[in-house]
Every structure is written in structure tokens, then in C-alpha cells.
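*Asks:* Handing you this structure, nothing more for now.
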Amino acid sequence: MAEILDFSELVRARHSVRAFLPEPLSKEELDGVLGDAQRSPSNSNTQPWRVHIVSGAKRDELRAALLDAAARGETSLDFSFDPKYGQNEVLLEHMRQFGQVYYETMGVSRDDAEGRSKLMLRNLGFFNAPHVAFLFLPVVGDSVRVAADIGMYAQTFLLSLVARGFGGIPQTMLGHFANTVREVLGISEEHKLLFGISFGRPDESALENSFRVDRTPVEHSVVLHS
């Protein structure tokens, strides 16, 4: 039986998994995670998330389609994305710190463009995870409030995975190919793709899962008023 963690331990145990074992979750295991995630909070209990889980042969088909779309440069985002984060130096520094730790762990130098590209494309191979969850939402106004609800669903989903001995990684890059995902899965255009989560059983022996990235002190993010 898996060790039962208290909440603080659970939050600190969660990390982005980038290498998975091939064994899929059973239906019972998957149902448990989805049942937990369904309890997520949302504005006025609207529960706007629409989640498509891809496994097996359909996962393989989608992976091939995504890699093909990437090779042809055919991205299709439902929501804008600024890789420079509006030139916000605080956010960019956090991103640079992550990149330095990740690439150094994987033995890829800063000037190795080909090596970095190969690592990036592993996103579209779902890091060999047996399952991928795609999180869609309806368009409501500018969709910011609805997207916040999707974020709360995703965090509950990720924490439930860890609590049950599994792991996952939220992937913004999967949202860069919304049309490809909709086409392969037969999803209506009224459902907009925010991002995906690859998940399964972590390969604890993999180099990709050996590093952790620190968080800034709380006082850098939180202002207390009294």
C-alpha cells in the first residue's frame, strides 16, 4: 500500500514528471483520480472543464499527428501565448533558472540548438506517458475566469495522481496544436484547448526525474495587509 502523505508533504512531493513507465493505469485507478478532480472548485459550481483522456492506439495516432504538424510548422493556438512573458524580468528569470537546471541535468549545453529542440519535441511524444488528459473549456467572455477554474481542476488532478503513487506534467506546448488535437479526437471547435497533462507511473530511475527546481520565498509573492 502506498504511503499516505499529509497535505503539506503531498504538495511538496508533486513535481513535473518527464519519464514514465509503460504500464497504464487501471480503470479503477483512473476513475479514482477523475473522481477527485471532479470535486474541484469553480465559479458558481459551473464546472466548465471538458477533459479528453487519450491512451493506447489513439495516443500513438495523436503523437504522430502532433510531430507531423510540428515538422510542418502548423501550430494552432486557441489562446495567445507570449514566450517572452511581456519582457517581465522576474518571470523570465524564473524561466531561465528552470532551463539552466533542466538542460544541465540532461547534458545539453546552452549553444546546442539541436539538442534543445529534441528535448522540446519530447513534449509532443508525451514523454512516453501511457495517458494524456486534454483540458478544454467553453468560450465565456475573455475566458480568463473559466481558465482559472480549469487551472484549479488541473491542480486537483495532479495532486490526486501523486497521492495515489502516480505522476504527471502539465504541458503548455500541447495547447499549441489545438486544431490537430480536435481533428484527431473528433472534437467540436466550440471547445477550446488550454493545455494537456501527460500522466502515468513515474520512472524514478530516469535522469529527467532526478532534478527539482526551487520556489522563491513566500514574501516575494505575497503581501500581507493588516
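In numbering that gives the first Met the number 0, the protein residues as written are 0 to 225.
Just so you know, even glycine gets a beta-carbon here, dropped at the ideal spot from N, CA and C.
Please read these numbers as outputs of a predicted model, since none were measured by experiment.
Am I right that Ala177 and Ser75 are in contact with their C-beta atoms under 8 Å? What's the rounded C-beta distance?
*Replies:* Correct: roughly 5 Å between the Cβ atoms.
*Asks:* Measure the beta-carbon distance from Arg13 to Val161 and round it to whole angstroms, keeping in mind my assumption that it falls under 8 Å.
*Replies:* Going by Cβ atoms, the distance from Arg13 to Val161 rounds to 5 Å, so yes, they are a contact pair.
*Asks:* From this set, Gly106, Gly150, Asn87, Met119, which residue's C-alpha is nearest Ser209's C-alpha?
*Replies:* Measuring from the Cα of Ser209, the nearest candidate turns out to be Gly106.
*Asks:* Can you tell me which of Leu158, Glu188, Glu207 puts its alpha carbon nearest to the alpha carbon of Leu9?
*Replies:* Selected option, being the one with the closest Cα: Leu158.
*Asks:* Name the one or two DSSP bridge partners that Ile149 has.
*Replies:* None; Ile149 has no bridge partner.
*Asks:* Using a Cβ-Cβ cutoff of less than 6 Å, which residues in the same chain neighbour Ser41 once the five nearest sequence positions on both sides are dropped?
*Replies:* Counting only Cβ-Cβ distances below 6 Å, and skipping sequence neighbours, we find Asp148.
*Asks:* Based on the DSSP secondary-structure assignment, which residues constitute the bridge partners of Val53?
*Replies:* Val53 is bridged to Val131.
*Asks:* Gln170 bridges to which residues according to DSSP?
*Replies:* DSSP lists Gly195 as partners of Gln170.
*Asks:* Since Pro169 and Ala153 should fall inside the 8 Å C-beta cutoff, what is the C-beta to C-beta distance between them, to a whole number of angstroms?
*Replies:* Yes, Pro169 and Ala153 are in contact; Cβ-Cβ is about 6 Å, under 8 Å.
*Asks:* Checking the sheet assignment: what are the DSSP bridge partners for Pro201?
*Replies:* Looking at the DSSP assignment, Pro201 forms a beta bridge with Phe19.
*Asks:* Output the distance between the C-alpha atoms of Tyr101 and His51, rounded to the nearest integer angstrom.
*Replies:* One C-alpha to the other measures close to 29 Å.
*Asks:* Between Pro201 and Val16, which are expected to be in contact by the criterion C-beta below 8 Å, what is the C-beta distance as a whole number of angstroms?
*Replies:* With 8 Å as the limit, Pro201 and Val16 qualify as a contact, their Cβ atoms being about 5 Å apart.
*Asks:* Identify the residues that DSSP records as bridge partners of Ser75: which are they?
*Replies:* Paired residue(s): Phe176.
*Asks:* Rounded to the nearest angstrom, what separates His175 and Leu193 at their Cα positions?
*Replies:* Rounded to whole angstroms, His175 to Leu193 spans 9 Å at the Cα level.
*Asks:* Label Gly185 either buried or exposed according to how many other C-beta atoms from any shown protein chain fall within 10 Å of its C-beta, with 16 as the threshold for buried.
*Replies:* Per the 10 Å Cβ criterion, exposed.
*Asks:* Check the C-beta distance from Gly140 over to Arg62 and give it rounded, since I have them as a contact under 8 Å.
*Replies:* Contact flag wrong, Cβ pair sits at about 34 Å.
*Asks:* Would you give the residue range spanned by the alpha helix (DSSP H) that His93 belongs to?
*Replies:* First-last of the alpha helix (DSSP H) with His93: 88-104.
*Asks:* Can you determine whether any heavy atom of the ligand PLP sits closer than 7 Å to the C-beta of Ala70, and answer yes or no?
*Replies:* Looking for the ligand PLP in the displayed structure turns up nothing, as the structure carries no ligands at all.
*Asks:* Drop a sphere of 10 angstroms on the beta-carbon of Lys26, count the other beta-carbons inside from all chains shown, and report buried for 16 or more, exposed for fewer.
*Replies:* So Lys26 ends up on the exposed side.
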